[in-house]
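Asks: For the sequence shown, the numbering used here gives the first residue as -10, with consecutive numbering after it. This is the structure I want to talk about, given as structure tokens.
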Amino acid sequence: LHRKFPALKGIRIDYSWWGWVDVSHDMMPRITQPDPRQSVFYALGYGGNGVSFSAHAGRRMAQRIAGRTDKAFELPIYGSALEYPNVFDTVRSRAFAPFRRFGQRFLYHWYYLRDEKF
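This is how it looks when you write it as structure tokens:
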């Protein structure tokens, strides 16, 4: 850490966290019910802001499940389902879904190399 931030040299770090960052393909979070005929809701795609946004998303999702209607629920994050992977803006198909992890792993390794080695 002190290689990136020399001012922190000598400061003890007690805890840290790392993991996958949940980002949707269009960079928009979702708090939605994809099929109104089913009792399934989901909230995802916080783009690295999950600690704060997930509490808000949980509250808003509970309000929707309880039947509350707000003007805010007309916003796209409440009504649009998550799309399948888009391949170079040409193909939208669930056939490519299993290959997302390959791309993610490649990008994570590239960013690691760029951050740590170059």
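By construction, the Cβ of each residue, glycine as well, lies at the ideal position given by its N, Cα and C atoms.
Return the Cβ separation of Leu33 and Arg19 in integer angstroms, given the expectation that the two are a contact with Cβ distance under 8 angstroms.
Replies: Rounded, the Cβ-Cβ distance is 6 angstroms, consistent with contact.
Asks: If you draw a straight line from the alpha carbon of Ser13 to that of Leu71, how long is it in whole angstroms?
Replies: Answer to the nearest angstrom: the Cα atoms are 7 angstroms apart.
Asks: Could you give the first and the last residue of the continuous beta strand (DSSP E) run that contains Ile20?
Replies: That run of the beta strand (DSSP E) goes 19 to 21.
Asks: What's the C-alpha gap between Ala46 and Trp99?
Replies: If I take the Cα positions, the gap works out to 31 angstroms.
Asks: Just checking my contact of Gly68 with Thr21 at CB under 8 angstroms: how many whole Å lie between their CB atoms?
Replies: About 6 angstroms; that satisfies the 8 angstroms criterion.
Asks: Expressed to the nearest angstrom, what Euclidean distance is found between the alpha-carbon atoms of Met17 and Leu96?
Replies: Roughly 20 angstroms between the two C-alpha positions.
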